[in-house]
Each structure stands twice: as structure tokens, then as C-alpha cells.
Amino acid sequence: MNQNPPSTFQIWPGQSLAPYVQGNVLNDISDSVWTQQVQNAYLESVRNAAKPAGNYVSVPLNIHRLNNLFYNADVLEQAGVNPQSLNNPAALNDAFNTVASETNATPLAHSTQEAWTTLQLWETVFIGQHGSEAFLNLTGGNAGQHQDQIRQSLQQVKQYRQHFNADAGSISWDQANSKVINGEAAFHQQGDWAAGQYEAAENFGYRQQWNHVPFPGTNGVYSMVMDSFVYPKNNPSPDATEKFLTYCATVDAQRRFNPIKGSIPARTDVPTDPFGPFLQSQIRDFRNSENQPTTIAHGSAVVPEVKSNMEEAFASFTESWNVNATATRIRNAFQA
Numbered sequence: 001m002n003q004n005p006p007s008t009f010q011i012w013p014g015q016s017l018a019p020y021v022q023g024n025v026l027n028d029i030s031d032s033v034w035t036q037q038v039q040n041a042y043l044e045s046v047r048n049a050a051k052p053a054g055n056y057v058s059v060p061l062n063i064h065r066l067n068n069l070f071y072n073a074d075v076l077e078q079a080g081v082n083p084q085s086l087n088n089p090a091a092l093n094d095a096f097n098t099v100a101s102e103t104n105a106t107p108l109a110h111s112t113q114e115a116w117t118t119l120q121l122w123e124t125v126f127i128g129q130h131g132s133e134a135f136l137n138l139t140g141g142n143a144g145q146h147q148d149q150i151r152q153s154l155q156q157v158k159q160y161r162q163h164f165n166a167d168a169g170s171i172s173w174d175q176a177n178s179k180v181i182n183g184e185a186a187f188h189q190q191g192d193w194a195a196g197q198y199e200a201a202e203n204f205g206y207r208q209q210w211n212h213v214p215f216p217g218t219n220g221v222y223s224m225v226m227d228s229f230v231y232p233k234n235n236p237s238p239d240a241t242e243k244f245l246t247y248c249a250t251v252d253a254q255r256r257f258n259p260i261k262g263s264i265p266a267r268t269d270v271p272t273d274p275f276g277p278f279l280q281s282q283i284r285d286f287r288n289s290e291n292q293p294t295t296i297a298h299g300s301a302v303v304p305e306v307k308s309n310m311e312e313a314f315a316s317f318t319e320s321w322n323v324n325a326t327a328t329r330i331r332n333a334f335q336a
């Protein structure tokens with residue numbers, strides 16, 4: 001950042017920014033970019049992620065949703081499972097049992113090849129069981145106060161494991177996602193980037209062959225994965241950087257960028273016309289959501305060292321499936 005700095009760079013907002021803020025290497029863009037008009041167009045949770053220490057240092061451009069549960073409609077119809085009726089993570093496990101008994105499909109397509117997929121599944125289960133407030137308290141550094149809840153969510157994920165595809169440890173998340181497309185699997189928990197594969201597949205239409213619901217227990221929650229850009233202080237092109245960041249915060253930029261990216265605008269006033277039906281439904285859910293927590297798996301909810309510790313904890317978990325040992329690792333992860 002001092003010897004050969006970029007004009008700007010993309011980074012998850014929130015606690016991912018902490019090392020740069022603490023190092024005092026980012027410009028405060030509160031006055032130059034974050035005008036009152038711009039602030040009014042962003043939800044408070046998104047604004048807070050752009051100013052983790054009180055001053056605005058980044059501009060969120062797009063948002064992905066993490067707490068999605070995608071499904072193959074034909075498989076669920078064959079199994080007699082109504083995804084709209086699943087109101088908590090335990091009910092989802094019951095649905096897995098039904099899929100297993102009534103069809104030849106894998107109930108839950110999943111990859112354990114990398115730790116982040118199971119980490120994000122666990123944090124989504126945690127919110128579904130215990131709510132956003134408990135999750136925010138946990139990520140705020142109070143993991144020791146939530147050991148029973150952490151164990152409950154780990155135990156639920158361990159139960160889900162019985163319904164994973166047999167090759168979970170040797171395939172990537174997108175290969176697991178493909179199992180939903182070809183009818184080998186019923187469900188897949190993933191960020192909404194997974195929908196790009198569905199929309200690219202032939203004869204696999206939205207609301208006909210595939211659909212989605214909020215992960216059971218997370219109605220009204222929009223777990224956010226965002227991208228943002230920052231203004232390094234030691235900047236080779238300060239005027240151009242300010243113009244670029246100012247543009248990133250506009251309706252025009254977010255209207256053009258997000259339909260291509262497969263994400264929704266970070267602003268709440270971007271017209272929905274350029275977006276397809278799936279992203280339009282995501283935009284509605286976001287604008288009507290009650291809580292918008294950031295995530296551990298994608299770096300915004302915790303500082304990088306804690307994220308790394310959590311990934312190590314879940315890499316170990318997917319080898320041993322030891323609930324108590326992993327709960328202790330999670331508690332220790334937040335003591336970084």
C-alpha cells in the first residue's frame with residue numbers, strides 16, 4: 001500500500017477493512033462520496049459496513065444473499081415435500097429424510113472440499129435456530145456466551161451430513177450445485193451466485209424446474225455478501241479514484257453492473273426493470289427484510305484473523321464431525 005499502491009481495489013466491506021483502517025491507509029470519503037443523498041439510498045446495515053470505525057472508507061456496489069435454500073422442484077414434487085412449510089432447520093432435516101425415503105435423489109447437495117461451504121451452512125443454521133440478534137452478538141466477540149447455541153447448530157449440521165452426496169469431500173461447490181440441475185439432488189444451500197448455473201442450464205426454468213426459499217427459520221433475514229471499493233491514501237490517481245467511487249455509489253452504476261454480476265444493488269432506489277425475475281424477487285426480499293447480517297464465511301462480520309481461525313475450525317469439523325471440539329475451537333477463534 002505504500003510502495004506500489006493501486007488507485008482502488010475491491011474488498012468485502014465490514015470487518016475485512018479493519019487491518020486497512022487500523023493501518024490508516026484508507027482515505028475518509030464521508031464528505032467527498034457519501035453525500036446525504038447517497039446515505040439516504042442505503043440501508044443502515046450497509047452504511048455501517050462501509051464505515052467500520054465510524055468514517056466512510058468504502059462504497060458497497062452490490063449485494064449477494066447467503067441464506068438461500070435452492071431446490072429442484074421436480075424432485076420435491078416426487079417426494080411430496082412443500083418447501084414453503086419448512087419453518088426451522090429441524091424441519092428441513094425431516095424433509096431430507098422424506099426425500100431419502102421417497103426418491104433416489106441426494107437430499108442435500110454439498111461440498112466439504114473447502115471449509116467455507118460448511119462454515120456458511122453452519123452460520124445460516126445458527127441464524128435459523130437462534131436468530132440474527134444472537135448471531136450479531138456472537139460475531140461481536142461474545143462467542144463464549146453462546147456455547148450451547150453453537151453446539152446445537154453444529155449438531156444440526158452434523159445431522160445434515162448424513163444426507164450429503166457421497167462425493168462431498170472431492171467436489172467443488174459448483175459441482176455440488178450441478179446435482180440440483182441434473183436431478184441428482186433435491187436441495188442446495190448457497191449464496192445467490194448459485195442461480196447463475198441454473199439460469200445458464202438448458203430446460204431448467206425458474207419457478208418451473210428450480211426455485212428457492214429463505215433457509216428455514218430465516219424469513220425476514222437477508223444475510224449479506226457485498227463487494228466494495230476503497231480509496232487508498234497513497235494514491236497514484238486521486239482525482240480518478242474519487243470520480244470512480246462517486247460513480248459506484250450512483251443508481252446508474254448499480255443498474256448497469258448488477259444484472260451482469262448476478263447480484264442486487266446496494267442502493268434501495270435502483271429500478272428493477274433491468275433484472276430478471278429471480279433477482280427481482282431478491283431485491284424485494286432485501287428491501288422488505290428486517291435484518292441484514294454480514295457473514296463470517298465471506299469476511300464482513302469478523303476480522304481476517306478470526307475468519308482464518310473459523311475456517312481452520314470447520315476444516316477440522318468436516319474431518320472429525322466432533323461437535324464439542326469444534327464448539328471450543330469457535331470460542332477460541334474469537335479470542336484472536
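Sequential numbering of the sequence shown, starting at 1, is according to the UniProt record's numbering. Positions of the beta carbon are idealized from the N, C-alpha and C atoms, including for glycine.
Inter-residue CB distance, residue i and residue j (contact presumed, cutoff 8 Å)
{"i": "Phe229", "j": "Gln10", "result": "6 Å"}
{"i": "Ala315", "j": "Ala115", "result": "4 Å"}
{"i": "Phe164", "j": "Leu108", "result": "6 Å"}
{"i": "Gln78", "j": "Thr103", "result": "5 Å"}
Residue from the options whose Cα sits closest to the Cα of residue i
{"i": "Ala73", "options": "Glu102, Pro83, Pro265 and Gly144", "result": "Pro83"}
{"i": "His188", "options": "His64, Thr117 and Val303", "result": "Thr117"}
{"i": "Asn324", "options": "His146, Asp227 and Tyr247", "result": "His146"}
{"i": "Ile181", "options": "Gly205, Gly191, Asp167 and Arg161", "result": "Gly205"}
{"i": "Asn219", "options": "Ser101, Ser132 and Asn142", "result": "Ser132"}
{"i": "Met226", "options": "Ala100, Glu44 and Pro60", "result": "Pro60"}
{"i": "Pro214", "options": "Leu66, Asp174 and Arg256", "result": "Leu66"}
{"i": "Phe70", "options": "Asn97, Trp210 and Leu154", "result": "Trp210"}
{"i": "residue 407", "options": "Gln3, Arg267, Ser32 and Pro293", "result": "Residue 407 lies beyond the residue range present for the chain, which begins at 1 and ends at 336; the question has no answer from this structure."}
{"i": "Val81", "options": "Asn68, Ala90 and Phe96", "result": "Phe96"}
{"i": "Ala91", "options": "Gly217, Leu279, Asn291 and Phe278", "result": "Gly217"}
{"i": "Trp12", "options": "Asn62, Gly141 and Ser308", "result": "Asn62"}
Contacts around residue i, its chain only, beta-carbon distance under 7 Å, and the 5 residues preceding and following it disregarded
{"i": "Pro5", "result": "Pro232, Asn234, Asn235 and Pro236"}
{"i": "Asp94", "result": "none"}
{"i": "Trp34", "result": "Tyr56"}
{"i": "Ala18", "result": "Pro52 and Val303"}
{"i": "Ser16", "result": "Gly299, Ser300 and Pro304"}
{"i": "Trp193", "result": "His64 and Gly262"}
{"i": "Ala100", "result": "Pro107 and His163"}
{"i": "Lys179", "result": "Thr106, Ala109, Asn165 and Ala185"}
CB contact flag (residue i, residue j, <8 Å)
{"i": "Tyr222", "j": "Ser263", "result": "no"}
{"i": "Val46", "j": "Ala249", "result": "no"}
{"i": "Thr295", "j": "Thr112", "result": "no"}
{"i": "Ser120", "j": "Gln156", "result": "Before going on, a small fix: residue 120 reads as Gln here, not Ser. No, the pair does not count as a contact, with Cβ atoms beyond the cut-off."}
{"i": "Ala41", "j": "Thr268", "result": "yes"}
{"i": "His110", "j": "Ala168", "result": "yes"}
{"i": "Gln254", "j": "Ala266", "result": "yes"}
{"i": "Gln280", "j": "Leu43", "result": "no"}
{"i": "Asn68", "j": "Gly144", "result": "no"}
{"i": "Gln208", "j": "Asn177", "result": "no"}
{"i": "Phe278", "j": "Ala201", "result": "no"}
Which of helix, strand or coil DSSP assigns to residue i
{"i": "residue 342", "result": "Nothing about residue 342 can be reported from this structure: the residues present for the chain run from 1 to 336 only."}
{"i": "Leu154", "result": "helix"}
{"i": "Thr106", "result": "strand"}
{"i": "Ile283", "result": "helix"}
{"i": "Tyr231", "result": "coil"}
{"i": "Thr294", "result": "strand"}
{"i": "Gln113", "result": "coil"}
{"i": "Glu255", "result": "A quick correction: the sequence has Arg, not Glu, at residue 255. Reduced to three states, the DSSP call for Arg255 is helix."}
{"i": "Trp210", "result": "strand"}
{"i": "Val57", "result": "coil"}
{"i": "Asn62", "result": "strand"}
{"i": "Ala168", "result": "helix"}
{"i": "Val221", "result": "strand"}
{"i": "Pro265", "result": "strand"}
{"i": "Ala325", "result": "helix"}
{"i": "Ala185", "result": "strand"}
Contacts around residue i, its chain only, beta-carbon distance under 8 Å, and the 5 residues preceding and following it disregarded
{"i": "Phe275", "result": "Asn258, Pro259, Ile264 and Ile283"}
{"i": "Gln159", "result": "Asn93"}
{"i": "Gly183", "result": "Asn72, Asp74, Val75 and Ala105"}
{"i": "Phe126", "result": "Ala134, Phe135, Leu138, Gln149, Ile150 and Ser153"}
{"i": "Phe244", "result": "Ser7, Thr8 and Phe229"}
{"i": "Trp321", "result": "Lys158 and Arg161"}
{"i": "Gln36", "result": "none"}
Nonlocal neighbours in the same chain, by C-beta distance under 6 Å from residue i, ignoring five residues either side
{"i": "Leu26", "result": "Tyr20, Val57 and Val230"}
{"i": "Arg329", "result": "Ala313"}
C-beta neighbour in chain C for residue i, strict 8 Å
{"i": "His163", "result": "Protein chain content of the structure displayed is limited to a single chain, and chain C is not contained in it."}
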